[in-house]
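So the structure is just underneath, and the comments pick up after that.
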């Protein structure tokens, strides 16, 4: 296990009706003028936004609003939010939605007190200062409610890139699983896939003797395997929703990733798909991960074989561990298909003829120099072959 520092100060408020306490937590963490940032009309139609406004008003906290966040959040709305925060003297951003809304809120928080272009933070500059952010989570998926990370798509060139820094880690996150019960099955399944991806990205490590975090990751993946089908067949199952929501937070606050190298090649490769085709990130990952795993399996067959045995219940073939490893990857792929995720480019809406463009932006866009590095280092030929495996 490697040396590590783990810092995760977010206050989590979990359970039914907890969104009605949003004002109390904004006040507790020093907010006096709030930007309520949200996505489409569901937060309005469901009455959630009204409940949050009432909670803020009860604490005599002023607020302004900015809706319109789309999946794969765009830079244009971030710039609009930054201007609004400066004009209205906002000192706290309250994200009401899923990972896209939270990521957009974090970008606005970083840019609102920065003299340069907020995109600097998505080009390698670490976020050191930002407005405070709180969240009311409505989708269990991205884990952004407990992470120091944000991903934004720059409309110029359609570059999808990430930023990080403890300054944008939410001060508090309100998690009411009941708010996820109205999600369509496809969106729920995409969220489950994203959670599992966050766990696998940490599981694929080159660090030895990391049994504690291996077992944490395996336990959370087993939870998703158990709860995923339950919630797809019974969307109103609050307990299944609750387990999935907390698993999503645990999967990405890095408690499972400390002391070990991590991968993230699947995420990098998928980002080009959701940037170009505007597909759901989880759906893109469902197509991407089996291809990446199959291509990189030979780097450490026993790691994939261990996952196959411990997570997917495969029988270990010590004479031919690659057989076990492949069985585990196939079991994962079949699980994702079973909950309604796409299995190839066609079902995702991607096109084989776009592969050269995908590879070029992936490896050379935004200052990259021809490779991506994680569990293994991948070059142009590698990434081309991986995309072709998705066809």
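In our numbering, the protein residues as written are 101 to 491. By construction, the Cβ of each residue, glycine as well, lies at the ideal position given by its N, Cα and C atoms.
>> Can you find the residues in the same chain that come closer than 8 Å, C-beta to C-beta, to residue 360, ignoring five residues on each side of it along the sequence?
In response: 101, 102, 302, 305, 307, 310, 313
>> Spatial neighbours of residue 321 within its chain, please: C-beta separation below 7 Å, excluding the five flanking residues on both sides.
In response: 296, 299, 411
> Span of the alpha helix (DSSP H) holding residue 315?
Replying inline: 311-333
> Contact check, residue 155 vs residue 204 under 8 Å by CB: the rounded distance?
Replying inline: Their Cβ separation, rounded to whole angstroms, is 21 Å, which puts residue 155 and residue 204 out of contact at 8 Å.
> Which residue's Cα is closest to the Cα of residue 231: 108, 435, 218, 148?
Replying inline: 218
> According to the Cβ coordinates, are residue 358 and residue 106 closer than 8 Å?
Replying inline: The answer is yes: Cβ separation under 8 Å.
> Roughly how far, in whole angstroms, is the beta-carbon of residue 387 from the beta-carbon of residue 445, given that I think they are within contact range, below 8 Å?
Replying inline: 7 Å
> Quick one: Cα of residue 332 to Cα of residue 266, how far?
Replying inline: 34 Å
>> Between residue 246 and residue 264, how many whole angstroms is the CB-CB distance? I'm expecting something under 8 Å.
In response: Contact flag wrong, Cβ pair sits at about 13 Å.
>> Which of the three DSSP states is assigned to residue 411 in this structure?
In response: coil
>> Please identify the residue among 420, 384, 484, 477 whose C-alpha is closest to the C-alpha of residue 448.
In response: 384
> Taking just the CA atoms, how far does residue 454 sit from residue 109?
Replying inline: Distance between the alpha carbons of residue 109 and residue 454 is about 42 Å.
> Closest to residue 207 by CA distance: which of 236, 262, 187, 191 is it?
Replying inline: 262
>> Pop quiz: residue 458 and residue 480 are said to be a contact at Cβ under 8 Å. What is the actual Cβ separation, rounded to whole angstroms?
In response: Not a contact, Cβ separation roughly 11 Å.
> Residues bridged to residue 138 by DSSP?
Replying inline: Partner(s): 196.
>> One question on the structure: do residue 153 and residue 163 come within less than 8 Å of each other, judged by their Cβ atoms?
In response: yes
>> Taking 6 Å as the limit between beta carbons, can you name the residues of its chain near residue 521, skipping five residues before and five after?
In response: Given a span of 101 to 491 for the chain in the structure shown, any question on residue 521 remains unanswerable.
> Taking the alpha-carbon positions, what's the residue 415 to residue 328 distance?
Replying inline: 23 Å
> To the nearest angstrom, how far is it from the Cα of residue 403 to the Cα of residue 365?
Replying inline: The alpha-carbon atoms of residue 403 and residue 365 are separated by roughly 16 Å.
>> For residue 236 and residue 228, I'd like the C-alpha separation in whole angstroms.
In response: 24 Å
>> For residue 216 and residue 373, what's the separation of their Cα atoms in angstroms?
In response: The alpha-carbon atoms of residue 216 and residue 373 are separated by roughly 29 Å.
>> Restricting to Cα atoms, I'd like to know which of 286, 165, 356 is closest to residue 149.
In response: Distances from the alpha-carbon of residue 149 to those of 286, 165, 356 put 165 closest.
> Near residue 478, what residues of its chain come up, given a Cβ to Cβ distance below 7 Å and the 5 sequence neighbours on each side ignored?
Replying inline: Non-local C-beta neighbours of residue 478 in its own chain, meaning closer than 7 Å and more than five positions away in sequence, comprise 365, 471, 472, ordered along the chain.
> Pick from 244, 335, 439, 368: whose alpha carbon is nearest that of residue 465?
Replying inline: 368
> Between the Cα of residue 435 and the Cα atoms of 226, 142, 184, 330, which residue gives the shortest distance?
Replying inline: 330
>> Threshold first: 3 residues or longer. Then list the beta strand (DSSP E) segments lying entirely within the segment 434-463, N to C.
In response: none
> So residue 239 packs on residue 211, CB below 8 Å; how close in whole Å?
Replying inline: About 24 Å; that fails the 8 Å criterion.
> Roughly how many whole angstroms lie between the Cα atoms of residue 132 and residue 191?
Replying inline: 7 Å
> Can you name the start and end residues of the alpha helix (DSSP H) that residue 351 belongs to?
Replying inline: 338-352
> What span of residues does the beta strand (DSSP E) with residue 165 cover, start to end?
Replying inline: Run containing residue 165: 162-166, per the beta strand (DSSP E) assignment.
> If residue 286 sits next to residue 197, beta carbons under 8 Å apart, how far is it from one beta carbon to the other, in whole angstroms?
Replying inline: Not a contact, Cβ separation roughly 17 Å.
>> So, for residue 399: in the same chain, excluding its five sequence neighbours on each side, which residues have a beta-carbon less than 8 Å away from its beta-carbon?
In response: 475, 476
> Considering residue 234, what are the terminal residues of the beta strand (DSSP E) in which it resides?
Replying inline: 232-237
> Roughly how far, in whole angstroms, is the beta-carbon of residue 341 from the beta-carbon of residue 406, given that I think they are within contact range, below 8 Å?
Replying inline: In fact, because the Cβ distance is near 30 Å, the residues do not count as touching under 8 Å.
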